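Here's the structure, in structure tokens; my notes come after.
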């Protein structure tokens, strides 16, 4: 259930970044486009370097397309990691809250038992 939600959110994040790169509608989307373009520009250099290592002739335009897909994939993976971390933190908090509640219930039972024993004796 959680993993399905995470996959949906990852797809939404990738679609949002793709939309921002293609047709930004407002100022925050233009800022997102600017950040993504910087990442793509840095990634183009890496793609061209990999192509040179493999002796594959590649033009910058082709490298830019590949870099764009890689950056979108990286953004999706970063979103997945963020959501998994958020899910784990929520799980830990729930477990801690359960433990605190269990301890408080046990303490209340012991105190009630002690009071009942005191009143029964007197």
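Residue numbers (the numbering used here): 658 to 779. Where is the CB? At the ideal position from N, CA and C, for every residue including glycine. A quick note: this is a predicted structure, and the numbers were derived from the prediction, not measured.
Check                                                                                     : Outcome
N-terminal and C-terminal residue of the alpha helix (DSSP H) that residue 679 is part of : 659 to 679
Cα-Cα separation, residue 691 to residue 715                                              : 25 Å
Sub-8 Å separation of residue 724 and residue 697 beta-carbons                            : yes
Beta carbon of residue 694 nearer than 8 Å to that of residue 732                         : no
Straight-line Cα distance separating residue 734 from residue 745                         : 16 Å
Segment limits, alpha helix (DSSP H) that includes residue 703                            : 684 to 710
Residues near residue 729 in its chain [Cβ-Cβ closer than 7 Å; skip 5 each side]          : 671, 674, 675
Beta-carbon gap between residue 666 and residue 740 smaller than 8 Å                      : yes
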